[in-house]
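The block underneath contains the structure these notes are about, expressed in structure tokens.
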Amino acid sequence: MISASVQLARGTFTLDVRLESTAPVLGVFGPSGAGKTTLINLIAGLARPDRGSIALREQPLFDDVRNIDVPTHRRRIGVVFQEHRLFPHYSVKGNLLYGADGHGREEFSRIVALLELAPLLDRRINDLSGGERQRIALGRALLSRPRLLLLDEPLASLDLRLRRQIIPHLRRVRDELNVPIVYVSHDLTEILQLTDQLLIIERGRSVACGRYGDIVHTDAVLAVVHDRGMNNVLTARVLEHHAEDGVTLLEVGPGQQEGAAGRLFAPLCPAVVGAAVSISIRPWDIALAAAPVSGVSILNQVRGTVMRCSAHERRMLVDVDIGAPLIVEISRRSAAALHIEPGTPILCLVKSHSVQYLGDRV
Amino acid sequence: MTSAEWSALSLSLQTALWSMLIMLLPGIACAALLARKQFPGKALVDAMVHLPLVLPPVVVGYVLLLSLGRHGWLGGFLYRAWGIEVAFTWKAAAIASAVMGFPLLVRAARLAMELVDHRLEQAARTLGAGPWRVFLTITLPLALPGVLTGMVLAFARSLGEFGATITFAGNIEGMTRTLPSAIYTYTQTPGGDGPALRLVGISIGISFAALVASELSARWLARRIGLGS
């Protein structure tokens, strides 16, 4: 859908990024200053590459060899910026309709309903909260009927509570509107709640592009990701709350064949029984065991199968299928002691307090 | 007030309004150009625009007279082609005021446009707005308080314009004798102190009212477009 190969030099900073994606959502992850926003600007046409080409659905937007440079306003690429960039002299409705071509009355009601904007329509921009502003910015971009949606750290200026409110809206946009999304963030957990297709960039270079579970096994990606919030994000269903014990029982992943497999205790979470929720577990908060362990405080011993493992300088990454893929980090010494190799049945030991509730999946 | 004083007052207001009309579009265009575009010779254009601010007004008036007078290159053409005479008419007074007020309008408007958040213009472009639409719906409305301030400054400058006007339009009672010319004339006439003082009072009153009105409306506009608190 989107393919780009762009080079740009600005002072001491150089950008040289290649990307190719057909995924509904491509997550762009990199540390601050990696060139993520520059990449967004290049795709949107707000900055011009020195060399390279950008194409959307096979249509060239930029090509220095063929001398093509479609101006921003003809690219039909919607952008939601880190700061909302709403027009202060327009009402909420005026902002939403700014890029709409006038044919889209149904479209308008649809987006307003999707993002729950109805109560905000007649408000003034200055009177809105950060979360409301970002929702309106998202709606405004969608109403311009973009062929691609670029989201540049749309949650960076929001607190945790507001992030939890916005992510379900983003997921709805992903699932209900047929607009491919490029989602830029320095927060991997945030990206993984929307997609597992990633482009990793660092210091202006693309390090890798592909499925998170695959590329994370390479040294180059691990070096970027490991100390910057490497995580497992899983979907789970709330089975029962044990308020007196302070825990909630969850079922991970779709369709479990074995009874106990894929069930996890987590700290008591505010979701209702039956609700789908997002949870995260850090790879180094999981221990592996060959046989059930008795006499420990760890509540979760989840049965799984080793799918893949990779050795790195200081650690071993093990993919375990517990109904959903789980990346586990252990020392190489432990791995050797346990004789871990693909196909090995294994138990994942997870303290309930290592399971973090990220929010409801609506 | 005598009819001569009334005529000076109404002529001044008429001249100032016309000069405003003449300079408004070129002024905004010039401000936009200087605020948002990079082009070769920009410094030169900038200097040209500001020239009337630093030149002696008499020089401006004389240059206008040389080019728009009946024997000037442009004035001669206008006269031969359509029989239009500019010099020593109220039109000349309006043009002289416009030229003198132009830099004030451009300066204020340009400053206001430079302060408009460029990122909002970028956002508009991503929403499909071409350069004209971006300017008319984002840049100009957000710069409006500044443009208004510039207009009032230029208007007040017009009311006070003396040197260029008297050189280019003369000091003909009922035709080109504006407030400053009238005041000057009265001060040169025995017993003219009374009327001169009255006109001085009126001048102060109008200029003061214009400034207050501009301040209030700029604040109101800023609130309206969501810039103020």
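Same order as they appear, the protein sequences are chains A and B. Using my numbering, read the first sequence as starting at 7 and increasing by one per residue. Using my numbering, read the second sequence as starting at 487 and increasing by one per residue. All C-beta atoms in this analysis are idealised placements derived from N, C-alpha and C, irrespective of residue type, glycine included.
Report the residue from Val633/B, Phe563/B, Thr612/B, Ala695/B whose alpha carbon sits nearest the alpha carbon of leucine 511/B.
Ranked by Cα distance from leucine 511/B, the first of Val633/B, Phe563/B, Thr612/B, Ala695/B is Val633/B.
Over the uninterrupted beta strand (DSSP E) stretch that includes isoleucine 285/A, give me the two end residues.
DSSP places isoleucine 285/A inside the beta strand (DSSP E), whose first and last residues are 282-287.
Pairs of beta-carbons, one from the region 570-587 of chain B and one from the region 633-650 of chain B, closer than 8 Å: are there three or more?
Here the region 570-587 of chain B lies against the region 633-650 of chain B, with 3 or more beta-carbon pairs under 8 Å apart.
Asparagine 657/B and threonine 671/B look like a contact to me (Cβ under 8 Å); what is the Cβ gap, rounded to whole Å?
Contact between asparagine 657/B and threonine 671/B holds: CB atoms are separated by about 6 Å, below the 8 Å threshold.
Euclidean distance between Cα positions of glutamate 264/A and isoleucine 328/A
No answer about glutamate 264/A holds up, because its pLDDT of 49 lies below 50 and its placement is not dependable.
Per DSSP, cross-strand counterpart(s) of serine 9/A:
The bridge partners DSSP lists for serine 9/A are Glu26/A, Ala61/A.
At a CB distance below 9 Å, what residues from the region 522-545 of chain B approach chain A? Give them in sequence order.
Along the region 522-545 of chain B, there is no position whose C-beta sits under 9 Å from a C-beta of chain A.
Could you tell me how far apart the beta carbons of leucine 161/A and valine 188/A are, in whole angstroms, since I believe they sit closer than 8 Å?
Wrong, their Cβ atoms sit about 15 Å apart, outside the cutoff.
Please state the DSSP three-state secondary structure of proline 331/A.
In the three-state DSSP reduction, proline 331/A falls in the strand class (E or B).
Excluding the 5 residues preceding and the 5 following arginine 180/A in the sequence, name in chain order all residues of the same chain whose CB lies nearer than 7 Å to its CB.
The beta carbon of arginine 180/A sits closer than 7 Å to the beta carbons of Pro30, Val31, Ile187, Leu200 from its chain, once the five residues preceding and following it are set aside; these are given in chain order.
Span separating the alpha-carbon of proline 351/A from that of valine 312/A
Each residue's alpha carbon lies about 6 Å from the other.
By DSSP, does isoleucine 46/A sit in helix, in strand, or in coil?
Isoleucine 46/A falls in the helix class under three-state DSSP.
Between which two residues does the alpha helix (DSSP H) containing threonine 220/A stretch?
The sequence as given places aspartate at residue 220/A; threonine does not occur at that position. Element bounds for aspartate 220/A: 218-221.
Comparing the C-beta of threonine 44/A with each C-beta of chain B, is any distance below 9 Å?
Threonine 44/A does not count as touching chain B.
Does DSSP classify glycine 265/A as helix, strand or coil?
Confidence at glycine 265/A is low in this model, with a pLDDT of 44, below 50, so the placement of that residue is unreliable and no value is reported for it.
Let me know if proline 666/B comes out buried or exposed under the rule of 16 or more other beta-carbons within 10 Å of its beta-carbon.
Buried, because 16 or more other Cβ atoms sit within 10 Å of the Cβ of proline 666/B.
Go to serine 115/A, then tell me how far its alpha helix (DSSP H) extends in each direction, as first and last residue.
Unbroken alpha helix (DSSP H) run through serine 115/A: 111-120.
Verify the CB distance criterion: does valine 620/B have a CB-CB separation below 9 Å to chain A?
Yes, its Cβ sits closer than 9 Å to a Cβ of chain A.
Local conformation of arginine 311/A per DSSP, three classes:
Before going on, a small fix: residue 311/A reads as threonine here, not arginine. Correct three-state label for threonine 311/A: strand.
Keeping to the same chain, check which residues put their C-beta closer than 8 Å to that of glycine 235/A; ignore five residues upstream and five downstream.
These residues qualify, in order along the chain: Asp193, Leu194, Thr195.
Can you tell me whether isoleucine 346/A is helix, strand or coil according to DSSP?
Under the three-state reduction of DSSP output, isoleucine 346/A falls in the coil class, being neither helix nor strand.
Beta-ladder partner(s) of arginine 16/A, from DSSP:
Beta-bridge partners assigned by DSSP to arginine 16/A: Phe19/A.
Under the three-state DSSP convention, the category glutamate 571/B falls into:
Correct three-state label for glutamate 571/B: coil.
Quick one: grab the DSSP three-state call for proline 617/B.
It is helical.
Looking at chain A, is there any beta carbon in it that lies within less than 9 Å of the beta carbon of isoleucine 711/B?
Interface annotation, isoleucine 711/B: in contact with chain A, CB-CB separation under 9 Å.
Decide if asparagine 238/A is buried, meaning its Cβ has at least 16 other Cβ atoms within 10 Å, or exposed.
Asparagine 238/A is buried by the Cβ-count criterion.
Is any beta-carbon of chain B found at less than 9 Å from that of leucine 52/A?
Chain B contact via Cβ: present.
Should isoleucine 690/B go down as buried or exposed, given a rule of 16 or more other Cβ atoms within 10 Å for buried?
Counting Cβ neighbours within 10 Å, isoleucine 690/B comes out exposed, since fewer than 16 surround it.
Pairing CB atoms from the region 542-551 of chain B with CB atoms from the region 599-619 of chain B, are three or more of them under 8 Å?
Flag = no, the region 542-551 of chain B and the region 599-619 of chain B do not touch.
Going straight from the alpha carbon of arginine 211/A to that of leucine 21/A, what length do you get?
Arginine 211/A and leucine 21/A: Cα-Cα distance of roughly 6 Å.
Given threonine 78/A, which residues of its chain have a CB within under 8 Å of its CB, disregarding the five upstream and five downstream residues?
Only Ala50, Gly51, Leu52 meet the Cβ criterion.
Tell me which same chain residues have a C-beta within less than 6 Å of the C-beta of glycine 84/A, skipping the five on either side of it?
Excluding its 5 nearest sequence neighbours in each direction, glycine 84/A has C-beta neighbours in its own chain below 6 Å: Ala147, Ser150, Pro152, Leu155, listed in chain order.
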